[in-house]
Amino acid sequence: MSVSALAPIPSRLSDIAPDPLSVLNSVFGLPGFRGAQEEIVGHVVAGGNCLVLMPTGGGKSLCYQLPSLLREGCGIVVSPLIALMRDQVAGLLEAGVKAAVLNSTLSYEEASAIEARLLAGDLDLLYVAPERLLTPRCLALLGRAKIALFAIDEAHCVSQWGHDFRPEYIGLSVIAERFPNVPRIALTATADDLTRKEIVDRLGLADAPRFVASFDRPNIKYEIVDKQNAPAQLKAFISERHSGDAGIVYCLSRAKVEDTAAALNKAGIEALPYHAGLDANIRARNQDRFLNEDGVVIVATIAFGMGIDKPDVRFVAHLDLPKSIEAYYQETGRAGRDGKPSTAWMAYGLSDIVQQRRMIDESTGAEAFKRVSIGKLDALVSLAETANCRRTRLLGYFGETLAATKCGNCDNCLSPPLVRDGKVAAQKLLSCAYRTGQRFGAMHLIDVLIGRETERVQQFGHDKLSVFGIGAEFNEKQWRGVIRQLVAMGHLQPDAEAFGALKLTETARGVLKGETEVMLREQAAGRPSRTKSRRGDIAVSAGQSKAGDPSLIGALRAWRSEVARQRGVPAYVVLHDATIDGIASSRPTTSGQLRNIPGIGEKKLEHYGDELIALVKASGG
Ligand code: ADP
Ligand code: ZN
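Sequential numbering from 118 applies to the sequence shown in the numbering used here.
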């Protein structure tokens, strides 16, 4: 067995299996299992195969790392991303686990050395890129080694229907064929059914149990705001609520990425662009800085994100609408992997719906595909428009029901919007679109309703229409809200042929006749941000601690940055934020006390214990 990481156990006792909990504690410094982890670990240690479905941040890694330490031989982890492998291995080495990577970045000599260690039984965990694993040379090597298990991380990459399909993952069916007696554990954070079925088929897991965790991310606060002046709203959001925090800002286009990053920098917020059009070196450097430094904001297209397992991303902001709820869930899910309070913020407006519809209409896909895409977009728009709990909606979409109908940690739960009967307003707007020939966009319709004598209004004689000036009770912003909601409800739709024009749909007739009810959420004039500060406002399931002394936190962070820089690893590999907060709030002055802080295992205590205790003592208090 691999006792290397289990220092406290004398080698002559090595035939007595150590229990998972004591390894969890001694190596990873964690006091207990989370959710189904314990059951999964037990199952795999006993030699079983399984499929693990857990959200990002759910704690999937321990499900294969612990069994690799507990079973005889080395655990082989297949992972698609080099950066992710590198960071995981850095974290394991910090914890004293014998871990290594085999991928294309290694020289022949380096790779040979690792292969020799594998054969000598000197490795607990080996991360291998899929294309590497599939080579005859690597398969032969594995055939000669003692293998504890195979873990297939990001297993949804085998799915041709999924968004992250990787052809080399298909070849992984060879694992079940060549090594039928070695346990296989496939892991993914992708929730949909079709993908699950494909994973099971391709990785030979038909008879294996599935461990499905809740996909709720209770520490993420969902917030969707009415888009007015997106750059200004974003700047305010970051500087008022997430100043100094690491975050990801998603934009649809490269140009918008560049502009937004520049605008943030100008406002004193350190931001780096990331998109496929950037030089590969710059892109890699920006990604590295985001991962390794504290509090960098990355502004990116969706090309960025997969495999980013930085645990302390405190916010994800969307300046453009994603294309589906799946995409929204996945992108926002990159916030708060460490379980600490985080925000998923999106600014959204009518132009987003119009733009996404146009992209679908103009795509070359088959009609059936376009219909599916429109259905997915509609589902996301209704999430954006709902006056009810966002989390309930989001999880409901994935077939999961929350125990409570209100989560208490989304904008709608925290400050419920007013919902009013909007029948008359809807009728006025729809009549206006109809009487003006269904050829005009939102701005012109609003001008007519409010009774503005613009040049265009006069040019088309719309000041002579019965609808001219019948909507003076609302301002422009309120009418925009009405239009957006009518589009979201499907009574009004962007014309695929005439850009920006809004036309009536079949269901509009019912509204005009007064047969269909229309409830509209109020467009509060500058909705007060009643949302509280990000710290200490919600009960979070994991890793929450009372706030510690800020000067000690600052000192610990500075120390961490320095250590990370010297060792060439990301700051979170040295200590997680939760561990820093734990130290700052309980102020340990002995190694026994320090060892009780989650995240401080035996190796970290040995390496850093004295320095950390000295920092606590030096900070007075
Ligand atoms: P995933 O791979 O599912 O996204 P990770 O395995 O990276 O998630 O774990 C996410 C975070 O949760 C990490 O910071 C990890 O240290 C922490 N974590 C995992 N399991 C536990 C546990 N049992 N107790 C405390 N923290 C945990
Ligand atoms: Zn809610």
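The beta-carbon is built from N, C-alpha and C at its ideal position, and this holds for glycine as well.
- Its chain contains Ile199, Met202, Tyr244, Val245, Ala246, Arg249 as the residues whose beta carbon lies nearer than 8 Å to that of Asn220, once the 5 sequence neighbours on both sides are disregarded; these appear in chain order.
- Secondary structure at Ala520: coil, using DSSP grouped into helix, strand and coil.
- For Ser185 against Ala265, the beta-carbon gap comes to about 5 Å, under 8 Å, which counts as contact.
- Ranking Asn346, Ala217, Val471, Ala731 by CA distance to the CA of Ile193 puts Ala217 first.
- Selection Gly525, Ile365, Asn142 evaluated against His435 yields Ile365 as nearest (Cα-Cα).
- Excluding sequence positions up to five before and after Asp429, its CB lies within less than 7 Å of the CB of Ala363, Asp455, Tyr689, Asp694, all in the same chain and listed in chain order.
- Taking 8 Å as the upper bound for CB-CB distance, Val414 and Ala388 are in contact here, some 4 Å apart.
- Leu562 and Pro667 have their C-alpha atoms some 53 Å from each other.
- Segment contact: the stretch 173-182 against the stretch 145-163, three or more CB-CB distances shorter than 8 Å; contact assigned.
- A distance below 8 Å separates the beta carbons of Gly450 and Ala306.
- Within its own chain, the residues whose Cβ lies closer than 6 Å to the Cβ of Lys427, once the five positions on either side in sequence are excluded, are Leu408, listed in chain order.
- Ranked by Cα distance from Asn336, the options Gly737, Lys457, Glu479 are led by Lys457.
- DSSP, read as helix, strand or coil, puts Phe421 in coil.
- In the DSSP assignment, Leu243 is bridged to Ile193, Ala217.
- The stretch 138-149 and the stretch 711-718 touch, with no fewer than 3 CB-CB distances between them shorter than 8 Å.
- Assignment of beta-bridge partners to Met636 by DSSP yields Asp538.
- Bounds of any beta strand (DSSP E) do not take in Lys493; it lies within the alpha helix (DSSP H) bounded by 484-502.
- In the structure shown, Ala464 falls within a strand segment according to DSSP collapsed to helix, strand and coil.
- Those residues whose C-beta sits under 5 Å from the nearest heavy atom of the ligand ZN are, from N- to C-terminal order along the chain, Cys506, Arg508, Cys524, Cys527, Cys530.
- The C-alpha of Ala268 lies about 13 Å from the C-alpha of Gly164.
- If you look at Gly176, you'll find it isn't in any beta strand (DSSP E); DSSP assigns it neither H nor E.
- Each of Leu223, Tyr225, Leu258, Thr252 was checked against the Cα of Ala237, and the nearest Cα belongs to Leu258.
- Ranked by how close their Cα comes to the Cα of Thr173, the residues Asn529, Gly422, Glu375, Cys191 have Gly422 in first place.
- Sequence-distant Cβ neighbours of Asp528 in its own chain, meaning closer than 6 Å and more than five residues away, are Glu340.
- Relative to the ligand ADP, Gly213 has its C-beta separated by 7 Å or more from all heavy atoms.
- Under the Cβ criterion (8 Å, minimum of three pairs), the stretch 531-543 counts as touching the stretch 628-639.
- The straight-line gap separating the alpha-carbon atoms of Tyr725 and Asp376 is approximately 42 Å.
- About 39 Å separates the beta carbons of Asn403 and Pro300, which is beyond the 8 Å limit, so they are not a contact pair.
- The alpha-carbon of Val291 is positioned some 20 Å away from that of Leu242.
- Sequence-distant Cβ neighbours of Leu669 in its own chain, meaning closer than 6 Å and more than five residues away, are Ala701, Ser736.
- No Cβ-Cβ contact shorter than 8 Å links Asp469 with Leu500.
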